[in-house]
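Visitor: Below are the structure tokens for one structure; questions will follow.
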């Protein structure tokens with residue numbers, strides 16, 4: 009909620025103009041859903057995904073007459089958004105005794121943020137990273153304040169999805185994912201994709217960055233003499249022998265879970281498009297503080313859980 013300068017020594021001249029930030033992974037899954045065009049805006053609390061399905065029954069046309077047959081059904085799935093805010097208060101006077109004093113303007117009152125651009129960019133990156141994790145691991149019963157605002161995809165598809173870690177998709181049910189079995193694991197996910205969607209061009213397999221790394225190493229080691237990495241620098245590759253992308257997402261890191269689904273099957277709910285990227289950084293005169301305020305609504309669900317494949321240990 010405030011500056012933590014406890015790890016910095018008392019002031020010795022240093023270059024306050026150079027601040028280094030570590031790499032933060034962004035909201036990759038949300039971007040993919042947006043690119044697929046499945047964003048529901050104006051959602052204040054909840055909105056339904058309205059689904060229509062119909063069947064076709066062939067009849068003999070050898071004679072005259074009309075016999076009604078077939079059914080058209082309407083069903084719904086609900087995207088419930090969580091209401092999230094980030095508030096931070098910063099007292100710039102906390103910087104006066106540290107090397108960062110060089111960045112402060114002259115005078116004893118500070119009405120604007122130092123390093124405003126770097127700070128804002130870093131906040132946006134951190135929000136995106138936290139949101140990416142919540143998109144997958146969100147659970148309203150969680151004790152984690154970062155995850156309890158809405159249910160993520162793991163929970164949404166837990167009931168209804170096809171389990172790939174089972175016969176006949178994998179020879180031996182996996183109790184862990186290692187370099188020895190990761191190729192069989194990914195192949196099992198592919199084998200479990202329902203036949204009615206496996207040929208769709210937006211079917212992808214999601215896994216954590218850790219599983220993706222294990223998988224790419226295993227592919228290389230199993231094909232030493234003619235290995236060709238058909239992948240991308242952002243953690244994607246095409247499953248050998250198919251057109252299906254395997255996409256690494258930090259939202260599944262350390263879960264040992266994989267999921268396959270159509271991108272068009274995932275729906276993202278929010279009140280305002282890219283609302284999580286809109287924030288205010290302002291000086292609160294009455295408190296003599298610089299304050300950061302960001303509020304947004306977010307939720308996710310799928311339309312057809314039965315067309316999703318999960319691989320869980």
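Residue numbers (the numbering used here): 9 to 321. Glycine included, each C-beta is placed from N, C-alpha and C at the ideal position.
Determine, using beta carbons only, whether residue 292 and residue 85 come nearer to each other than 7 Å.
Guide: Taking the chain shown and counting its residues from 1, the one referred to as residue 292 is at position 284. Taking the chain shown and counting its residues from 1, the one referred to as residue 85 is at position 77. Not a contact, by the Cβ cut-off of 7 Å.
Visitor: Measuring alpha carbon to alpha carbon, tell me which residue in 308, 321, 316 and 314 is nearest residue 141.
Guide: Start at 1 with the first residue of the chain shown, and residue 141 comes out as number 133. With distances taken between Cα atoms, residue 141 lies closest to 308.
Visitor: Could you please give the first and the last residue of the uninterrupted alpha helix (DSSP H) stretch that includes residue 220?
Guide: As a working mapping, residue 220 is identified with position 212 in the chain shown. Unbroken alpha helix (DSSP H) run through residue 220: 217-230.
Visitor: If contacts are defined as beta-carbon pairs under 8 Å, then residue 89 and residue 306 qualify, I think. What distance do you get, rounded to the angstrom?
Guide: One-based indexing of the chain shown puts residue 89 at position 81. One-based indexing of the chain shown puts residue 306 at position 298. 6 Å between Cβ atoms; contact.
Visitor: Count Cβ pairs between the segment 36-53 and the segment 270-280 that sit closer than 8 Å; are there 3 or more?
Guide: Yes: at least three Cβ pairs fall under 8 Å.
Visitor: DSSP three-state label for residue 142, please.
Guide: Against the chain shown, residue 142 aligns to sequence position 134. Residue 142: helix per DSSP, three-state reduction.
Visitor: Could you compute how far the alpha carbon of residue 77 sits from the alpha carbon of residue 60?
Guide: As a first step, residue 77 is located in the chain shown; it is residue number 69 there, counting from the start. As a first step, residue 60 is located in the chain shown; it is residue number 52 there, counting from the start. Roughly 17 Å between the two C-alpha positions.
Visitor: Taking DSSP as the reference, what is the three-state secondary structure of residue 129?
Guide: Residue mapping note: residue 129 aligns to position 121 of the chain shown, counting from 1. Residue 129 falls in the helix class under three-state DSSP.
Visitor: Should residue 55 be labelled buried (16 or more other beta-carbon atoms within 10 Å of its own) or exposed?
Guide: Indexing the chain shown from 1 puts residue 55 at position 47. Classification of residue 55: buried, given that the 10 Å Cβ count is 16 or more.
Visitor: For residue 267, write down the residues that DSSP places opposite it in a beta bridge.
Guide: In the chain shown, counting from the first residue as 1, residue 267 sits at position 259. For residue 267, which the question treats as bridged, DSSP gives the partners 214 and 318.
Visitor: Could you compute how far the alpha carbon of residue 218 sits from the alpha carbon of residue 207?
Guide: On the chain shown, position 210 is the one that residue 218 refers to. On the chain shown, position 199 is the one that residue 207 refers to. If I take the Cα positions, the gap works out to 27 Å.
Visitor: First and last residue of the beta strand (DSSP E) that includes residue 84?
Guide: In the chain shown, residue 84 corresponds to position 76, counting from 1. Its beta strand (DSSP E) spans residues 80-88.
Visitor: How should residue 265 be labelled, buried or exposed, when 16 other C-beta atoms within 10 angstroms of its C-beta is the threshold for buried?
Guide: Taking the first residue of the chain shown as position 1, residue 265 is located at position 257. Residue 265 is buried by the Cβ-count criterion.
Visitor: Can you tell me which of 158, 149 and 111 puts its alpha carbon nearest to the alpha carbon of residue 91?
Guide: Counting from 1 along the chain shown, the entry for residue 91 is found at position 83. Closest option to residue 91, Cα to Cα, is 158.
Visitor: What does residue 61 pair with, by DSSP beta-bridge criteria?
Guide: Start at 1 with the first residue of the chain shown, and residue 61 comes out as number 53. Paired residues: 81.
Visitor: Skipping 5 residues on each side, what residues in its chain have a beta carbon closer than 8 Å to that of residue 164?
Guide: Translated into the one-based positions of the chain shown, residue 164 becomes position 156. Closer than 8 Å at Cβ, skipping near neighbours: 308, 309, 310 and 313.
Visitor: Once you ignore the five residues that flank residue 209 on each side, which residues in its own chain have a CB closer than 8 Å to its CB?
Guide: Counting from 1 along the chain shown, the entry for residue 209 is found at position 201. Cβ within range, chain order: 251.
Visitor: Looking at the unbroken alpha helix (DSSP H) that takes in residue 198, where does it start and where does it end?
Guide: Sequence index remark: in the chain shown, residue 198 carries index 190 (1-based). Unbroken alpha helix (DSSP H) run through residue 198: 190-200.
Visitor: Starting from residue 100, trace the beta strand (DSSP E) in both directions and tell me its first and last residue.
Guide: Working through the chain shown from its first residue, we reach residue 100 at position 92. Where residue 100 is concerned, there is no enclosing beta strand (DSSP E), given that its DSSP letter is neither H nor E.
Visitor: Looking only at C-alpha atoms, which of 15, 87 and 248 sits nearest to residue 50?
Guide: The residue given as residue 50 occupies position 42 in the chain shown. Residue 87 is the option with its Cα nearest to residue 50.
Visitor: Can you find the residues in the same chain that come closer than 7 Å, C-beta to C-beta, to residue 201, ignoring five residues on each side of it along the sequence?
Guide: Locating residue 201 in the chain shown gives position 193, counting from the first residue. So the qualifying residues of the chain are 211, 268 and 317.
Visitor: Mind checking who residue 107 pairs with in its DSSP beta bridge?
Guide: Translated into positions along the chain shown, residue 107 becomes position 99. Looking at the DSSP assignment, residue 107 forms no beta bridge with any residue, so it has no partner.
Visitor: Helix, strand or coil for residue 67 per DSSP?
Guide: On the chain shown, position 59 is the one that residue 67 refers to. If DSSP states are grouped into helix, strand and coil, residue 67 belongs with coil.
Visitor: So, is residue 162 buried or exposed, given that buried needs 16 or more other C-beta atoms within 10 angstroms?
Guide: As a first step, residue 162 must be located in the chain shown, where it is residue number 154. Its Cβ being crowded by 16 or more others within 10 Å, residue 162 is buried.
Visitor: Can you tell me the Cα-Cα spacing of residue 101 and residue 118, whole angstroms?
Guide: Stepping through the chain shown from its first residue, residue 101 is reached at position 93. Stepping through the chain shown from its first residue, residue 118 is reached at position 110. Their Cα atoms are separated by approximately 8 Å.
Visitor: Give me the Cβ distance between residue 319 and residue 300, rounded to the nearest whole Å; I'm assuming they're in contact under 8 Å.
Guide: The residue given as residue 319 occupies position 311 in the chain shown. The residue given as residue 300 occupies position 292 in the chain shown. Not a contact, Cβ separation roughly 39 Å.
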